[in-house]
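2 protein chains.
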Amino acid sequence: MSQPLTATRPTIAGTSLSPLRQPPPLCTFLFLIVLIVATFYTLHHPDAAPPLLFPRNPTHNNPLALRRLFLSSASNATVSSYLRSLTRHPHLAGTKPSLDTLGYVANHFQTLGLDTRLAEYEALLSYPAHVSVAARFSNDTKMEFDLNDVPGGDDVVRPYHAYSPSGSAQGSVVFVNHGEERDYRALESIGVSVRDCVVLARKGESLGRGGIVKVAESKGALGVLIYAENDGGGLGGIERGTVMRGIGDPVSPGWPGVVGGEKLRLEDERVARRFPKIPSLPLSLHNAEIILASLGGSRAPVEWRNSGRIGSGQRVGPGQTAVNMTLQGELTMKKIHNVVATIRGSEEPDRYVILGNHRDAWTYGAVDPNSGTSALLDIGRRFSLLLKSGWRPRRTILLCSWDAEEFGMIGSTEWVEDNVLNLGASAVAYLNVDCAVQGSGFFAGATPQLDGLLLDVLKLVQDPDDVALTVEDTFKSQNNIIERLSRVDSDFSGFLHHAGISSIDMYYGADYPVYHTAFDSYDWMVRNADPFFHRHVAMAGVWGLLGIILADEPVLPFNYISYAEQLQAHIDALSKLLQGKASVDPLSVAIQEFSLVAKEAADEAKKLKEQAYSKNDVAPAAKRRDLNDRMMLAERGFLDSQGIKGKEWFKHLVYGPAAEPESKLGFFPGIADAIATNSSQGIIQHEIWRVARAIQRASKALKGGFT
Amino acid sequence: MSQPLTATRPTIAGTSLSPLRQPPPLCTFLFLIVLIVATFYTLHHPDAAPPLLFPRNPTHNNPLALRRLFLSSASNATVSSYLRSLTRHPHLAGTKPSLDTLGYVANHFQTLGLDTRLAEYEALLSYPAHVSVAARFSNDTKMEFDLNDVPGGDDVVRPYHAYSPSGSAQGSVVFVNHGEERDYRALESIGVSVRDCVVLARKGESLGRGGIVKVAESKGALGVLIYAENDGGGLGGIERGTVMRGIGDPVSPGWPGVVGGEKLRLEDERVARRFPKIPSLPLSLHNAEIILASLGGSRAPVEWRNSGRIGSGQRVGPGQTAVNMTLQGELTMKKIHNVVATIRGSEEPDRYVILGNHRDAWTYGAVDPNSGTSALLDIGRRFSLLLKSGWRPRRTILLCSWDAEEFGMIGSTEWVEDNVLNLGASAVAYLNVDCAVQGSGFFAGATPQLDGLLLDVLKLVQDPDDVALTVEDTFKSQNNIIERLSRVDSDFSGFLHHAGISSIDMYYGADYPVYHTAFDSYDWMVRNADPFFHRHVAMAGVWGLLGIILADEPVLPFNYISYAEQLQAHIDALSKLLQGKASVDPLSVAIQEFSLVAKEAADEAKKLKEQAYSKNDVAPAAKRRDLNDRMMLAERGFLDSQGIKGKEWFKHLVYGPAAEPESKLGFFPGIADAIATNSSQGIIQHEIWRVARAIQRASKALKGGFT
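For the protein sequence lines, the chains are A and B, in the order given. Each step along the first sequence adds one to the number in numbering that gives the first Met the number 0, with nothing skipped, and position 316 is 315. Each step along the second sequence adds one to the number in numbering that gives the first Met the number 0, with nothing skipped, and position 428 is 427.
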């Protein structure tokens with residue numbers, strides 16, 4: 000039985016949850032009983048709804064009523080049941096159990112009566128066949144490390160780095176801190192080289208595992224071992240992950256890996272450059288500390304000491320501690336399956352609002368990604384209730400479940416590549432939720448024209464941890480920063496960085512300890528991150544409302560004045576960093592025009608919103624459509640067909656990945672790269688011009704017409 | 000006074016014109032008298048119209064009446080007066096007299112009440128400061144050639160090749176026939192090398208002057224002299240032209256050369272590669288024959304003999320005949336000026352039909368391009384009459400007058416680069432006319448979905464040379480081939496090859512003798528190509544009707560079944576050429592789907608056309624718009640963001656320039672290049688896959704939605 004948000008408030012208030020404290024056992028027990036009953040009921044009546052709540056003839060011309068109806072149909076019990084079902088088994092992409100989750104999700108949407116299709120691709124996936132790491136210490140003792148994070152956990156894939164090349168590496172160990180360029184500079188300054196050594200790195204904040212391996216490779220290391228200091232919350236978890244460069248299927252780079260389509264051979268340079276040349280493996284904190292403790296050689300550079308678990312006496316090698324690591328991987332073509340459920344728009348069926356989340360997981364995936372999946376499934380259920388009560392969104396809504404994200408956003412990337420032209424012409428926004436709930440606190444990233452809408456929606460949703468507040472209240476008092484989406488760590492990347500679709504990405508909590516370990520399970524979720532699934536409910540509320548509003552508002556709630564202000568702030572930060580090394584004048588000129596055009600668009604939107612019109616009046620409909628299309632297209636202006644130098648697939652010149660974590664800009668990736676690689680003034684200036692022209696294109700799109 | 004088409008028919012029939020025969024003197028005299036009176040009247044009453052012809056309340060809901068009204072408002076006298084005014088002085092782009100034609104055109108549109116703007120850019124243009132060619136013959140006589148084609152014609156630019164590098168070249172002369180790769184192979188087979196020689200080439204059909212210089216450069220020649228066997232119709236004309244590689248402003252490659260924008264330095268590799276490395280000059284036939292007659296060395300390869308003016312005794316050198324050619328050029332930034340006149344659409348102002356022609360000329364430009372300009376001005380005049388009588392096009396119409404086309408389509412290319420995003424989102428079609436009238440016979444090129452519309456329009460317009468026939472009748476009996484637009488020789492190139500806008504290009508006559516010479520004058524036009532300006536009128540009729548229909552038809556008259564059939568024919572031709580060297584299966588699969596989708600779109604169009612609707616009915620309006628947008632976007636599917644290898648600016652994979660004239664495909668330029676350069680099977684196959692994916696993108700765009 001569904002349990003509306005309002006009914007459960009006292010419980011939340013009463014227990015005053017702290018995200019990482021376990022709830023009292025009795026409470027959990029009672030909750031589970033309720034849950035089981037509710038689950039049983041819901042699974043057998045997936046689209047059942049209390050008849051009183053959903054009258055057949057609601058006043059759906061009243062958007063507020065519709066939104067209330069959507070919010071009141073939330074059910075934490077149902078969400079919990081979805082998550083339980085999805086996480087019963089590990090379901091790594093390309094494996095048999097992953098087909099069960101595929102069936103579960105597809106069946107769910109179908110049962111709800113939604114038009115549900117599979118978008119299938121073939122992609123090169125990577126699995127471990129055999130891994131081993133043995134160490135030999137100064138006293139000539141040897142040790143074979145246990146590389147699993149679950150005892151005898153045969154159905155959980157052993158910890159590995161996908162796409163790491165097969166092979167052995169044998170050499171003295173050198174500890175390289177976070178493995179960043181500056182860490183190697185620090186080692187160099189104390190006379191330590193990693194050439195022909197195996198490096199041991201602890202994962203830091205700026206450089207991902209792929210980056211750690213890439214830098215180590217460039218320094219002449221033979222192999223890489225990576226551990227996380229946050230040890231699965233003390234459970235001994237080991238972090239799996241991909242080390243592929245770029246995203247999407249590596250044998251169909253830049254085009255959709257459709258069945259029967261062109262696939263490059265592994266030897267092809269365009270494929271080979273996607274993979275590291277040296278093997279790497281993840282290690283548990285426990286094993287890493289054994290090695291660390293045994294290292295001789297120089298003392299760690301001053302700046303590393305007393306950070307995290309590194310004490311002042313830490314030595315970095317190379318000394319007599321050596322390891323022999325072996326990795327036998329299996330690269331194999333697998334079919335992957337996206338699910339796309341469509342709710343066809345009534346008035347503008349050819350404009351799309353896309354909600355997406357991936358389904359595949361390294362292990363059980365309770366946080367990553369099925370907290371998001373269960374929220375998506377619940378949104379589907381609630382949308383179907385709204386449909387039954389008479390609602391039809393103005394624009395078409397897609398609910399998408401991506402496959403093989405963990406290998407490098409492959410499912411969504413292939414789909415974006417498959418649909419890039421139509422996405423560019425008709426996608427209003429992409430709303431991504433990967434790990435819906437990792438812990439406490441609402442976090443979000445967005446393209447800036449969506450900031451205002453996001454904050455407005457946060458005002459409409461109850462905070463899951465405090466009955467008296469809205470999500471917006473706690474967000475403002477806690478983070479109060481909407482991130483910018485330069486990261487390449489979830490499925491929004493293809494949409495935003497390649498296709499230029501305005502995007503939002505959201506999650507509850509951050510840096511959860513069981514990330515990519517065998518402990519990312521339903522139990523862990525209930526015990527640690529969301530005992531009563533209220534955070535799931537809050538996320539589904541925000542996500543679904545964003546979808547409803549973007550699909551329904553006659554005039555799109557895009558605010559390009561926010562974008563202009565954000566760009567101005569970016570330019571100011573860039574100017575500071577440049578210290579006169581190149582001129583930001585082209586950007587300043589471009590942003591002035593963009594601000595002006597943004598203001599005009601806002602005025603136009605205001606007028607069109609105020610304008611009275613009947614539903615069947617062609618003229619205002621055409622005017623709204625014109626403005627909406629311009630607001631939709633403006634984001635595409637930031638795309639440049641040549642893309643970012645060296646990673647040309649990434650075409651967004653405002654947000655996208657910069658190669659160097661040192662650049663720290665977090666925007667203008669082409670400029671950031673040019674600065675970080677100490678390029679000539681001419682090259683930096685050219686990159687500045689490219690961004691200026693991108694802003695000019697956005698202005699022109701927003702303004703419409705021609706010069 | 001305007002002179003409707005019908006009133007002048009007897010005259011045409013009576014004189015039974017042959018395009019290159021002069022009309023009887025009396026006839027010309029009488030005509031000129033009428034013309035002068037008519038011109039005088041028209042210039043003082045540019046928008047005057049016989050009140051009876053244009054009642055204030057026409058039945059403009061009747062498209063046939065509108066079309067008749069448009070056709071009946073034609074005036075050959077007016078067109079003639081426009082041409083006379085435009086060609087009074089030479090008006091090379093960037094020169095002062097070119098500003099007079101700018102003023103004339105802009106003022107014309109403004110006076111008609113059209114919203115008229117200038118789109119101005121800065122571009123690097125190239126002029127000759129000093130040129131000389133001296134020959135030394137076997138008997139040690141010397142000769143300094145006269146390089147002008149008008150005696151003392153100071154206001155006509157002397158014959159030169161724009162962007163040829165400054166410098167001298169001295170060496171024995173070798174005759175290289177048309178200067179194609181196969182010609183050098185023929186020379187090689189008789190033991191002749193051109194290394195350190197100056198080559199003399201006669202312009203052939205397949206290789207343009209830029210190509211001749213490029214190949215000569217690759218063979219080690221020091222300089223190039225080019226002559227045309229068609230000697231300005233015996234007048235001694237010399238063909239000017241550009242030898243720049245690629246199109247558009249060379250110092251702003253790929254982006255608009257706006258005032259204050261980024262400009263590369265001349266030394267920049269991206270600029271330098273746009274220019275030849277060896278100097279070249281055009282030579283008169285007379286001078287070329289002096290050199291040819293003096294050549295010693297081997298006898299010309301058998302296959303060259305007795306072709307054109309080359310006799311069987313022709314020797315090719317190298318011998319004692321040597322030349323010393325010197326060229327001092329001036330590369331300079333100039334402001335160029337496009338004129339854009341807008342007729343705002345009533346119902347879909349954000350969809351555009353673009354009519355364009357360039358204005359700049361090498362000399363007087365009576366054929367090239369101002370026969371087209373005068374047609375465009377007359378269309379403007381007639382559209383303004385239609386507007387006054389109550390017409391409003393459904394979509395917006397732009398009348399564009401481009402600058403600096405002769406230097407490499409610079410005006411239109413910069414404008415396309417400036418507006419590429421909005422063009423992609425909102426341009427329905429581009430209709431180009433460059434040399435409207437060169438002689439007799441209607442010629443056209445089009446993207447295949449416009450074939451049917453073009454033929455339909457030809458049926459509506461009287462043939463200018465035979466009163467009893469339509470243009471379609473003579474077209475079908477004469478050429479009956481609609482060319483495909485792979486050429487890069489007029490302003491459609493940027494629209495189609497870079498922006499993927501469906502295009503048509505049209506002209507009367509072909510291979511006119513005074514091409515790019517000082518003899519391309521109003522007099523030549525009247526005496527040789529269009530004494531009574533009926534061909535101009537016919538062209539304006541076709542061009543204007545195409546504009547009206549594309550702007551007005553509720554459902555766009557695009558036929559993708561034609562496109563599918565044309566693609567199938569291309570695939571068949573490719574398959575024949577390949578002889579199994581690579582598989583065309585990916586193309587066959589893609590075209591099957593495309594045909595199917597094209598059929599569905601045609602059915603949908605038929606239904607929407609038949610559907611009764613009131614003007615104020617939102618639902619069918621939205622459905623038509625949806626289908627129209629899909630038909631508009633389908634052409635964009637053929638674009639590939641990576642473009643054609645080695646000339647990445649050209650992004651259309653079906654139509655565009657192939658490097659090798661030998662390839663002879665005339666379509667699929669990437670595949671053609673791969674075959675012509677003897678690439679590996681893998682590379683050819685990859686190019687085939689790229690085209691297959693382009694066709695798939697077009698299918699998806701035409702179908703709409705997502706996979």
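Even glycine gets a Cβ: it sits at the ideal position worked out from N, Cα and C.
Where residue i and residue j are concerned, what is the direct C-alpha to C-alpha distance, given to the nearest angstrom?
i, j, result
"G209 (chain A)", "K598 (chain B)", "48 Å"
"P300 (chain B)", "P249 (chain B)", "38 Å"
"L384 (chain A)", "D462 (chain A)", "24 Å"
"T58 (chain A)", "K458 (chain B)", "Note that T58 (chain A) scores 44 on pLDDT, short of 50, meaning its location in the model is unreliable; the coordinates nonetheless yield the value given after this. Rounded to the nearest angstrom, the two C-alpha atoms are 55 Å apart."
"G709 (chain A)", "T331 (chain A)", "Residue 709 (chain A) lies beyond the residue range present for chain A, which begins at 0 and ends at 706; the question has no answer from this structure."
"G355 (chain B)", "V554 (chain B)", "23 Å"
"L632 (chain A)", "A658 (chain B)", "35 Å"
"S74 (chain A)", "F557 (chain A)", "30 Å"
"K575 (chain A)", "G703 (chain A)", "33 Å"
"R696 (chain A)", "V541 (chain B)", "34 Å"
"Q477 (chain B)", "L454 (chain B)", "14 Å"
"D99 (chain B)", "H88 (chain B)", "9 Å"
"A693 (chain B)", "D639 (chain B)", "7 Å"
"L422 (chain B)", "G499 (chain A)", "17 Å"
With which residues is residue i paired in a DSSP beta bridge?
i, result
"N677 (chain B)", "Beta-bridge pairing links N677 (chain B) to no other residue."
"H129 (chain B)", "B:Q327"
"P281 (chain B)", "B:I225"
"R135 (chain A)", "A:K141, A:A321"
"H533 (chain A)", "H533 (chain A) pairs with nothing; no bridge assigned."
"K523 (chain A)", "Residue identity differs from the one stated: residue 523 (chain A) is Trp in this sequence, not Lys. Looking at the DSSP assignment, W523 (chain A) forms no beta bridge with any residue, so it has no partner."
"H90 (chain B)", "H90 (chain B) is not bridged to any residue."
If we count the other Cβ atoms within 10 Å of its Cβ and call it buried at 16 or more, is residue i buried or exposed?
i, result
"G645 (chain B)", "exposed"
"A285 (chain A)", "First, the amino acid is wrong: residue 285 (chain A) is His here, not Ala. The residue in question, H285 (chain A), is exposed, as its Cβ has fewer than 16 Cβ neighbours within 10 Å."
"N527 (chain A)", "buried"
"I480 (chain A)", "exposed"
"D377 (chain B)", "buried"
"G379 (chain A)", "buried"
Assuming residue i and residue j form a contact by the criterion Cβ under 8 Å, report the distance between their Cβ atoms to the nearest whole angstrom.
i, j, result
"G636 (chain A)", "A700 (chain A)", "5 Å"
"E482 (chain B)", "Y120 (chain B)", "Wrong, their Cβ atoms sit about 29 Å apart, outside the cutoff."
"V415 (chain A)", "R394 (chain A)", "So it is not a contact: roughly 19 Å between Cβ atoms."
"E302 (chain A)", "A185 (chain A)", "6 Å"
"S279 (chain A)", "I225 (chain A)", "7 Å"
- prompt: If contact means a Cβ-Cβ distance below 9 Å, which residues of the segment 689-704 of chain B contact chain E?
  reply: Considering every chain present, this structure includes no chain E. Its protein chains are A and B.
- prompt: What residues in the segment 113-132 of chain A bring their beta carbon closer than 7 Å to a beta carbon of chain B?
  reply: A118
- prompt: Using a Cβ cut-off of 7 Å, which residues of the segment 416-429 of chain A contact any Cβ in chain B, in chain order?
  reply: D417, N418, L420, N421, A424
query: Which residues, in chain order, does the segment 637-651 of chain A contribute to contact with chain B at a C-beta distance below 7 Å?
result: S640
- prompt: Along the segment 403-414 of chain A, what residues have a CB closer than 9 Å to any CB found in chain B?
  reply: W414
Contact residues within the segment 83-105 of chain A, judged by C-beta distance below 9 Å to chain B: none
- prompt: Mind listing which residues of the segment 240-262 of chain B have their C-beta closer than 7 Å to chain A's C-betas, in chain order?
  reply: W254, E261
query: Any residues in the segment 574-598 of chain B with a beta carbon nearer than 8 Å to a beta carbon of chain A? Which ones, in chain order?
result: P585, V588
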